[in-house]
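Using this note's numbering, read the sequence shown as starting at 3 and increasing by one per residue.
One structure below.
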Amino acid sequence: MSVARDRGPISRLSVDEAARLWHEASDDELRELALAARARWHEPDRATYMVMRIVNYTNVCVAQCDYCAFYVLPNEAGGYVLDRGEVFAKIDELLELGGDLVAFNGGFNPKLPLAFYCDLFASVRGRYGERVEFYALTVAEFVYLADRAGLSHAEAATRLRDAGVHWVTGGGSEILTEDFRKRHAKFKYTVAEYLDAQRAIVESGLQTTATMVIGFDETLEERLEHLQRTRDFQDDCLRDGLDGLFSFLCWTYKPYGTSFGGREISPNEYWRHIALSRIFLDNVKHVRTSVLTQNEDAFRALDYGADDFDLPIEDEVTQKAGARIDLDLEGLLEIPRRLGYRVEYRRAARPSRRNPTLTEGRTGPASTAPASSRR
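Structural data, given as structure tokens:
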């Protein structure tokens, strides 16, 4: 009997059950379960996307993560901080290409105080208004800046909100286990600090997301611990009437030019992980696939439970580690269309309602019955 059908109706996938699925389920079985989970939230043949630019405002960082090929230390050659004119030029180019989402991402630059960021974000909001939405910082950068400013997470979130910020995204999580942090990012935050900061971000009225990066040396147990922490965080937010996590995005480690090195995982391993994430994260509406790190292979993840993606036009962090960006956006969109999906553009505006509900109610997990096939 197949693993999927042997499990029968379930109330929620446990970590042990998830591990069993990973080891024993075939690709088709995982895909079947993931599409059933996806159908609880979304129309089976619909996928949404955004066109975005990641603006790397500085490459100076003291975190010294061994999986990063982007950073330079303070006072080393090659360090930079973009001025306002350079930032605006990048945003203007994005608008010309039809995009309207900017993600600011840099590093832990000790020469840039929180006030620098508040002024930058206020100037972007003042210049572009609602024509552009922006992801102001990652949670990792937020923790660093709050600590440097001597502010609580709640106080720092309020300052960003007052500067016109709507989003602080879940970047910088990679793998949310303490052992992983000790191996690869020992100068970063702890897992507890990260989640405490993200909770304060949500409580302040800002929007946030969950992210994950796989393909380092993490174990299956560490991957599942990350997913468990993500699901628990969302449970707590929803229980308390908070918006919680808008989406979950997983991308893959690029090893080129990093001190850690290693190799890239296969597209199939990525697709299977997307499927397992979609099944396990039964309280997160959107599961996104990474065109930035998977390129054309990213769209097959729609068949494994993903429902959303973005088309990036720039990201120095991953490009320096080997990511390839394709600016033929219409050509990229033809790939999911050939797979049978209706692709629809969406804006990353502030969600208009709290706690979105499932298509058929948010109680219980996905059915194990096969989702309707498009092909």
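Glycine included, C-beta positions come from ideal geometry on N, C-alpha and C.
Computed from a predicted structure; not experimentally measured.
| Check | Outcome |
| --- | --- |
| Test: aspartate 29 CB closer than 7 Å to a CB of chain C | No chain C appears in this structure, which consists of one protein chain only. |
| Residue burial classification, tyrosine 347 (beta-carbon count within 10 angstroms, cutoff 16) | exposed |
| Euclidean distance between Cα positions of lysine 256 and alanine 199 | 27 Å |
| The segment 157 to 173 contacting the segment 206 to 219, beta-carbon criterion three pairs below 8 Å | yes |
| Run of the beta strand (DSSP E) containing histidine 44, from where it starts to where it stops | Here histidine 44 belongs to no beta strand (DSSP E), and DSSP marks it neither H nor E. |
| Cα-Cα separation, leucine 99 to arginine 14 | 42 Å |
| Under the three-state DSSP convention, the category serine 354 falls into | Its pLDDT being 45, under 50, serine 354 is placed unreliably by the model, and the measurement read from it follows with that caveat. If DSSP states are grouped into helix, strand and coil, serine 354 belongs with coil. |
| Those runs of the beta strand (DSSP E) which lie wholly inside the segment 240 to 264 and span at least 3 residues | 247 to 254 |
| As assigned by DSSP and simplified to three states, the class of tyrosine 137 | strand |
| Arginine 150 versus leucine 116: straight-line alpha-carbon distance, rounded | 8 Å |
| Alanine 21: CB within 6 Å of a non-hydrogen atom of the ligand MN | You won't find the ligand MN in this model; it holds no ligand whatsoever. |
| Within 7 Å, strictly: CB atoms of tyrosine 306 and arginine 22 | no |
| Beta-carbon spacing of isoleucine 337, phenylalanine 282 below 7 Å | no |
| Outcome for arginine 133 when other beta-carbon atoms lying within 10 angstroms are tallied against a minimum of 16 | exposed |
| Cβ shell of valine 167 (< 6 Å), same chain only, five flanking positions each side left out | Phe123, Ala138 |
| Helix, strand or coil at valine 74 [DSSP, three-state] | strand |
| Backbone CA spacing between glutamate 224 and glycine 128 [nearest angstrom] | 42 Å |
| Rounded distance between the beta-carbons of alanine 158 and phenylalanine 144, thought under 8 Å | 7 Å |
| Alpha-carbon to alpha-carbon, asparagine 111 and threonine 140 | 14 Å |
| Spatially closest choice to arginine 201 from Ala49, Lys190, Lys184, Asp237, by CA coordinates | Asp237 |
| With 16 other Cβ atoms within 10 Å as the buried cut-off, status of serine 28 | exposed |
| Collapsed DSSP secondary structure at threonine 213 in the structure displayed | strand |
| Valine 293 versus isoleucine 177: straight-line alpha-carbon distance, rounded | 20 Å |
| Sequence-distant residues of the same chain with beta carbon closer than 6 Å to arginine 356, five excluded per side | Note that arginine 356 scores 44 on pLDDT, short of 50, meaning its location in the model is unreliable and no value can be drawn from it. |
| Inter-residue Cα distance where the pair is arginine 2 and valine 204 | Residue 2 cannot be examined here, being either before or after the span of the chain that is shown, 3 to 377. |
| Straight-line Cα distance separating aspartate 219 from alanine 65 | 19 Å |
| Same chain, Cβ closer than 8 Å to histidine 275, five either side skipped, listed in chain order | Ile216, Arg225, Cys252 |
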